[in-house]
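In our numbering, the protein residues as written are 254 to 525. Even glycine gets a Cβ: it sits at the ideal position worked out from N, Cα and C.
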């Protein structure tokens, strides 16, 4: 750990978190950490670059690709979409890498000289993954990007050869509640609680990110609720009901034509 500290520039906050995690044993009380980011990253998120759910999910999947994963599974809990799980078999995160992410949200290790110290980039080329893939994601900012989807994230990760899994429970502050730190260029964006659990699959590695309590507008978007409301309205009108139930939908854009059931869909939630 001291050797790593000499090779790279770590903040006192990050070094302290790394030390706490190195002393933590199975089933100890969680190590609590504060998530912070800088003004540039906060502005990038609030400007709406990740406002669409697909954009945030794409960033998580990109991180799996950059971790040399050969398989990424996305579980959506369709048609409810109350939680979303992204699971891969990539390299996984160790406690030092996680500590860096938490203390430097948006300050990606990728494409940086520090990436090789965390098994995030190739030792020969900072623009490549350890397995030689051209990097496409942004480790760190991808986690903050899901604040558009949920404020509650659970990360479970394991590296090859380890007898433990790292569990990080993150609560992000709503953007309206994010406050500037003593340093006005730094924003407190949430908190994390980190624990370890035993693992028997020593030679396996990977990361699972669970997005809990998906925000209502995201669920409605993934459910295509606008479209299904319009279809339901037309069904009622077509059945000759005297007063079709009033349903909110917008006819200005995609619903100018008579709405119809898509050729490919996951189904609809029973309005009853």
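Secondary structure at residue 417: strand, using DSSP grouped into helix, strand and coil. Counted as a single uninterrupted DSSP element, the alpha helix (DSSP H) harbouring residue 484 occupies residues 478-491.
Taken atom to atom, the span from the alpha-carbon of residue 472 to that of residue 275 is near 39 Å.
Under the three-state reduction of DSSP, residue 467 is assigned to coil, being neither helix nor strand.
The stretch 401-420 makes contact with the stretch 306-318; the number of CB pairs closer than 8 Å reaches 3 or more.
Residue environment: residue 514 is assigned as exposed (fewer than 16 neighbouring CB atoms within 10 Å of its CB, all protein chains considered). Assigned with DSSP and collapsed to three states, residue 519 falls in coil, not helix or strand.
Looking at the DSSP output, residue 461 bridges to 340, 409.
The Cβ atoms of residue 412 and residue 421 lie no closer than 8 Å to each other. Annotation for residue 449: the continuous beta strand (DSSP E) segment containing it runs 439-451. Rounded to whole angstroms, the gap between the alpha carbons of residue 486 and residue 476 is 16 Å. Within its own chain, the residues whose Cβ lies closer than 7 Å to the Cβ of residue 519, once the five positions on either side in sequence are excluded, are 331, 332, listed in chain order.
A residue is called buried when at least 16 other Cβ atoms come within 10 angstroms of its Cβ; residue 511 does not meet this threshold and is exposed.
Spatial neighbours of residue 389 in its own chain (CB-CB distance under 8 Å, excluding positions within 5 residues in sequence) are listed in chain order as 315, 318, 319. Nearest Cα to residue 453 within the set 342, 414, 423, 479: 414. By the neighbour-count definition (other C-beta atoms within 10 Å, threshold 16), residue 285 is an exposed residue.
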